[in-house]
Amino acid sequence: MFSRKGFTILELLIVIAVIAILVGIALPRFKGMQDEGNMARAKGELRMLQTAVESYYMHNNNTLPAALTNLQTAVPQIAPSIIPTDPFGGAAYGYGKGGTTWFVLYSKGPKLDGAASIDTDGAVTEGTDGASCIYVTNGSPVDTTP
Numbered sequence: 028m029f030s031r032k033g034f035t036i037l038e039l040l041i042v043i044a045v046i047a048i049l050v051g052i053a054l055p056r057f058k059g060m061q062d063e064g065n066m067a068r069a070k071g072e073l074r075m076l077q078t079a080v081e082s083y084y085m086h087n088n089n090t091l092p093a094a095l096t097n098l099q100t101a102v103p104q105i106a107p108s109i110i111p112t113d114p115f116g117g118a119a120y121g122y123g124k125g126g127t128t129w130f131v132l133y134s135k136g137p138k139l140d141g142a143a144s145i146d147t148d149g150a151v152t153e154g155t156d157g158a159s160c161i162y163v164t165n166g167s168p169v170d171t172t173p
């Protein structure tokens, strides 16, 4: 009797091809899930920073912090080196003031091109068209729809 041990080259090539096709299908979906996770993380951290800025404002004679690193006085548990960084790009979250009352905190977003600003009336304006900004504010967004 003839017994066969192992696989032929053709069988191995077919298995490798099937695995390569499955990896090709799964990789783009993984990138999308990674962006969704980073967006959820950014939103949560921005809400936490918003609470810290509002606490700073209330405990410092209605004065907004000059920079996010000033928050250690409002929330002693947050040291400047522990303030979270933007998951998109790894830099610090953006922060802007509009007069003495309004502020905006923003993340660059998945396209790494987002930005937001706020004017003295509390109106928030996002950066360029198509930018992917994620932000929180105590102001109000400007409606830019035509």
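First residue of the sequence shown? That's 28 in my numbering, and the numbers climb one at a time after it. Where is the CB? At the ideal position from N, CA and C, for every residue including glycine. None of the values given here were measured: they were computed from a predicted structure.
Can you say whether residue i is buried or exposed, counting buried as having 16 or more other CB atoms within 10 angstroms of its CB?
i	result
V255	Because the chain spans 28 through 173 in this model, residue 255 falls outside it and cannot be assessed.
G141	buried
V42	exposed
I36	exposed
S167	exposed
A47	exposed
Helix, strand or coil for residue i? Go by DSSP, reduced to three states.
i	result
I109	helix
K135	coil
G121	strand
T164	strand
T172	In this prediction, T172 scores a pLDDT of 48, lower than 50, which makes its location untrustworthy; the coordinate-derived value is nonetheless stated afterwards. Coil, per DSSP.
In whole angstroms, what separates the C-alpha of residue i from that of residue j?
i	j	result
K70	I161	7 Å
V139	S159	A quick correction: the sequence has Leu, not Val, at residue 139. Distance between the alpha carbons of L139 and S159: 7 Å.
G51	F115	24 Å
T96	I110	8 Å
Y133	T147	17 Å
R31	G117	56 Å
G123	Y83	15 Å
Give me whichever residues DSSP pairs with residue i in a beta bridge.
i	result
T127	The partner list for T127 (beta bridge, DSSP) is empty, contrary to what the question assumes.
Point to revise | Ranges of the beta strand (DSSP E) found wholly within the stretch 32–107, counting only runs of at least 3 | key: List check, beta strand (DSSP E) in window: nothing returned.
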